[in-house]
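J.:
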């Protein structure tokens, strides 16, 4: 999960998907992480408003620490999901030749027509709720996609 600073949107998506994975008992099969395309907040926890909004819905973000995207992420992960088009473009430009990861927008998995998770940093409490709404819906569909892939891989084995 990738956004600009790794303190609002991507840690929220990380926390939501991680909880959904735990609820399905798939934590041994699927690893989730988040990062930012910028270096602005390296070493910081998620924004307190993100943590508070997530906790109201049962997600824990407080153990996450912001980091910047690494070149190794393009080989270490199967998917790198951007929160918006600007970060998607950054990822595509930074992607090395032979990149293993599929680079997409998280909201490619959304049932809505919206393609970007808006940055809630300057939008007040409502912005953090909107991020959770969009991320939850997309993560549910993304996890269904991953489950389908896992089942297909197990059938081939």
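Residue numbers (this note's numbering): 2 to 158. Built from N, CA and C at the ideal position, the CB exists for glycine as well.
On the premise that residue 6 lies in contact with residue 60, defined as a C-beta separation below 8 Å, what is that separation, rounded to the nearest angstrom?
T.: As a working mapping, residue 60 is identified with position 59 in the chain shown. As a working mapping, residue 6 is identified with position 5 in the chain shown. Their Cβ separation, rounded to whole angstroms, is 19 Å, which puts residue 60 and residue 6 out of contact at 8 Å.
J.: In its own chain, which residues sit with a C-beta less than 7 Å from the C-beta of residue 58, not counting the 5 before and 5 after it?
T.: Translated into positions along the chain shown, residue 58 becomes position 57. Only 133 meet the Cβ criterion.
J.: Residue 37 and residue 8 - do their beta-carbons sit closer together than 9 Å?
T.: Translated into the one-based positions of the chain shown, residue 8 becomes position 7. Translated into the one-based positions of the chain shown, residue 37 becomes position 36. Yes, the pair counts as a contact, with Cβ atoms nearer than the cut-off.
J.: What would DSSP say about residue 66, mapped onto helix, strand or coil?
T.: For the purposes of this step, residue 66 is taken as residue 65 along the chain shown, with counting starting at 1. DSSP places residue 66 in coil when its eight states are reduced to three.
J.: According to DSSP, is residue 140 part of a helix, a strand, or is it coil?
T.: Counting from 1 along the chain shown, the entry for residue 140 is found at position 139. Three-state DSSP puts residue 140 in a helix.
J.: Whole-angstrom Cβ separation of residue 96 and residue 69, contact assumed at under 8 Å?
T.: For this step, residue 96 is matched to residue 95 along the chain shown. For this step, residue 69 is matched to residue 68 along the chain shown. No, residue 96 and residue 69 are not in contact; Cβ-Cβ is about 15 Å, not under 8 Å.
J.: Looking only at its own chain, which residues have a Cβ that is under 8 Å from the Cβ of residue 126, when we skip the five neighbours before and after it?
T.: For this step, residue 126 is matched to residue 125 along the chain shown. The residues are 50 and 54.
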